[in-house]
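Some notes on the structure that comes next.
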Amino acid sequence: MEIEARFKSNQLDSEENPIYLDPPEEFIDVIIDLIHCMPKKFPWFGEAWDFIFEDRLLSLGKKAKRAVPAVIEVMERYNYEDSTRNLATILYNIGCDDIPSLVHELHKENEFYMEEFYDQWSKQAPAVRWAYFLDRFENFPEDFARSEIWEDLLYDSEPGFLVYYENIEKSINRNRIFYAFLKALKNDPQDVPFRFALFYAEKLRNKAKKIERTFFRLYPK
Numbered sequence: 001m002e003i004e005a006r007f008k009s010n011q012l013d014s015e016e017n018p019i020y021l022d023p024p025e026e027f028i029d030v031i032i033d034l035i036h037c038m039p040k041k042f043p044w045f046g047e048a049w050d051f052i053f054e055d056r057l058l059s060l061g062k063k064a065k066r067a068v069p070a071v072i073e074v075m076e077r078y079n080y081e082d083s084t085r086n087l088a089t090i091l092y093n094i095g096c097d098d099i100p101s102l103v104h105e106l107h108k109e110n111e112f113y114m115e116e117f118y119d120q121w122s123k124q125a126p127a128v129r130w131a132y133f134l135d136r137f138e139n140f141p142e143d144f145a146r147s148e149i150w151e152d153l154l155y156d157s158e159p160g161f162l163v164y165y166e167n168i169e170k171s172i173n174r175n176r177i178f179y180a181f182l183k184a185l186k187n188d189p190q191d192v193p194f195r196f197a198l199f200y201a202e203k204l205r206n207k208a209k210k211i212e213r214t215f216f217r218l219y220p221k
C-alpha cells in the first residue's frame with residue numbers, strides 16, 4: 001500500500017509517505033494486525049518495534065486512533081517498565097483518551113517518566129467527563145443522591161479525582177454538589193465514591209493546614 005501510494009501521488013522521493021496524510025481504513029487495519037503479531041513475550045526494541053511503532057504509528061498520529069485498543073493490549077501483555085513507558089508515548093500521540101492504569105502506576109513510581117506530556121494527558125479525559133457530570137447535575141440534581149451515579153460519572157484515577165475536586169471547589173454549585181455527594185455516601189457508599197471522599201477529605205485537610213500556617217505568619221503571637 002505504501003509503495004502504491006507513492007506511485008499514485010508521484011512522490012517517489014518524498015521523505016514522508018503520502019499515505020500517512022490520508023490513510024485508508026485498510027491501511028489502519030494492516031497496522032492493527034501487525035500490532036497483534038508482536039511476540040507474546042516482550043522483545044527488546046529493534047526492527048519490529050521501529051517498523052510498527054516508531055515509523056508508522058508515530059507518523060500517523062491521531063489518524064491511527066483506532067489502533068489504541070491493540071496497543072493497550074500489547075502493553076498489558078508485556079507489563080514491563082520499558083515497554084509501558086514507550087507505549088505510553090505512542091498512545092498519547094495517537095489520541096488515546098483514557099490512560100491505562102499501568103501508565104498511572106508507572107508515573108507514580110517515577111514522576112520524571114513521561115513528564116513532557118503526562119500532566120496534560122491525564123487531565124484531558126477527566127475534563128470531558130466533568131463537563132458531562134456538571135451538565136447532568138444542572139439538569140437532574142436529584143440523581144446525585146444515588147451513589148451509583150457517582151460511581152459511573154467520577155473519573156477513577158488520581159489525576160481524575162484532582163480535576164473533580166478542583167472543579168467542585170470553584171463551582172457556584174459547590175455546596176449543592178457537596179451535599180448531594182454526602183447524601184449519596186450515606187445512602188450507599190460504593191467503591192469509587194468512597195475513595196474519592198478520602199481523596200477529597202485529604203485535600204481539604206491540607207488546604208486547612210495551609211490556611212492555618214498562613215494565618216500565624218500574618219498574625220504572630
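In UniProt numbering, the protein residues as written are 1 to 221.
We put the CB at the ideal spot given by N, CA and C, even for glycine.
By DSSP, does residue i sit in helix, in strand, or in coil?
i	result
Arg-146	coil
Thr-214	In this predicted model, Thr-214 has a pLDDT of only 48, less than 50, meaning its place in the structure is not dependable; the value taken from the coordinates is given anyway. Here Thr-214 sits in helix by DSSP.
Tyr-20	helix
Lys-65	helix
Ile-99	coil
Glu-111	coil
Lys-40	coil
Ile-54	Note that residue 54 is Glu in the sequence shown, not Ile. DSSP places Glu-54 in helix when its eight states are reduced to three.
Tyr-80	coil
Ile-35	helix
Glu-27	The sequence given here has Phe at residue 27, not Glu. DSSP places Phe-27 in helix when its eight states are reduced to three.
Ile-72	helix
Glu-105	helix
Ile-94	coil
Glu-116	coil
Here's the rule: buried if 16 or more other CB atoms are within 10 angstroms of the residue's CB, otherwise exposed. What is residue i?
i	result
Pro-69	exposed
Ala-131	exposed
Phe-51	exposed
Val-163	buried
Lys-209	exposed
Pro-159	buried
Glu-56	Contrary to the premise, residue 56 reads as Arg rather than Glu in this sequence. Answer is buried; the Cβ neighbour count reaches 16.
Arg-129	buried
Ala-184	buried
Ile-168	buried
Ala-88	buried
Cys-96	buried
Ala-201	exposed
Does the Cβ-Cβ distance between residue i and residue j come in under 8 Å?
i	j	result
Phe-196	Leu-154	yes
Ala-67	Ile-99	no
Glu-151	Gln-190	yes
Phe-137	Ile-177	yes
His-107	Ser-157	no
Ser-101	Phe-42	no
Val-71	Leu-58	no
Asn-187	Ser-147	yes
residue 232	Phe-161	Coverage of the chain is limited to positions 1 through 221, which leaves residue 232 absent and any answer about it impossible.
Lys-203	Tyr-179	no
I'd like to know if residue i contacts chain C, where contact means its C-beta is closer than 8 Å to some C-beta of that chain.
i	result
Asp-98	Among the chains of the structure shown, chain C does not appear; only one protein chain is present.
> At which residue ranges does the segment 134-215 contain complete alpha helix (DSSP H) runs of 4 or more residues, listed in the order of the chain?
Replying inline: 147-153, 158-170, 174-187
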